[in-house]
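Residue numbers (the working numbering), protein chains in the order written: chain A, 56 to 169; chain B, 13 to 126. The structure under discussion appears below in the form of structure tokens.
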């Protein structure tokens, strides 16, 4: 996953606590995305960003917030973690293209909420 | 509302034979499609894409076919190799806020038997 790193790789947290996951890119790509992967659901978009301070909601945004204060960093915050947010979280980046755009994904963060 | 469906959760194929993974979509606004491969504990990696203006795209052992009238695409892997054993996701996308926004299917787990 050259150019995109996620931290932490694994985290266990308690129900009700806030959690922040970080995505860092060195590709200077404008667009960044947060997905979650769950069995039977595939990859579902949580939030995405199309520039610094410009973000929008995806399919499953409830309970999540994001921030992007710099091009290279996109933070995903679980405001008050619940067991239903136990999942593997992937960050992705892409650059604008006239026809089609390919996402590059990070290695993921496995989050367990107990 | 699942806009992209992969109805086969798993598939087993003998080494050297053809693997065919299928994907159906409902959103006629999609004009670009991607296939990703995912190994355990890694992020999805891009495999092959196809534009809606084409009906076939080939890259080495991988070929993607698109049937727009049926809203169906398929990924053919010939010949299949044990290293192809992974989860495969298809995705349909369209331009939103200046970039492609993709909806992913639930994935098909391919097992290639040696």
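Ideal Cβ positions, reconstructed from N, Cα and C, are used throughout, including at glycine. Since the model is a prediction, treat every value here as computed from it, not as a measurement.
Range of the contiguous beta strand (DSSP E) that encloses residue i
i	result
residue 98 of chain B	98-108
residue 122 of chain A	119-125
residue 25 of chain B	22-26
residue 70 of chain B	68-71
residue 115 of chain A	Per DSSP, residue 115 of chain A belongs to no beta strand (DSSP E) and is neither H nor E.
residue 14 of chain A	Nothing about residue 14 of chain A can be reported from this structure: the residues present for chain A run from 56 to 169 only.
residue 142 of chain A	142-149
residue 112 of chain B	111-116
residue 47 of chain A	In the structure displayed, chain A extends from 56 to 169; residue 47 of chain A sits before or after that span and is not available.
residue 60 of chain A	59-62
Residue i classed as buried or exposed, judged by whether at least 16 other C-beta atoms fall within 10 angstroms
i	result
residue 36 of chain B	buried
residue 26 of chain B	exposed
residue 58 of chain B	exposed
residue 21 of chain B	exposed
residue 123 of chain A	buried
Residue i and residue j closer than 7 Å at C-beta
i	j	result
residue 121 of chain B	residue 99 of chain B	yes
residue 130 of chain A	residue 74 of chain A	no
residue 51 of chain B	residue 112 of chain B	no
residue 24 of chain B	residue 92 of chain B	no
residue 78 of chain B	residue 67 of chain B	yes
residue 60 of chain A	residue 84 of chain A	no
Residues near residue i in its chain [Cβ-Cβ closer than 8 Å; skip 5 each side]
i	result
residue 56 of chain A	Because the pLDDT of residue 56 of chain A is 48, which lies under 50, any placement of that residue in the model is unreliable, and the question is left without a value.
Own chain, CB closer than 7 Å to residue i, minus 5 neighbours either side, in chain order
i	result
residue 119 of chain B	18, 99, 100, 101
residue 69 of chain A	169
residue 15 of chain B	37, 38, 39, 104, 115
Beta-carbon proximity list for residue i, same chain, < 6 Å, skipping 5 on both sides
i	result
residue 147 of chain A	88, 158, 160
residue 86 of chain A	105, 149
Residue i: CB within 6 Å of a non-hydrogen atom of the ligand PLP
i	result
residue 124 of chain A	Inclusion of the ligand PLP in the displayed structure is not the case, the ligand content being empty and no account of it being possible.
Threshold first: 3 residues or longer. Then list the beta strand (DSSP E) segments lying entirely within the segment 27-98 of chain B, N to C.
31-37, 44-50, 57-63, 68-71, 74-79, 84-89
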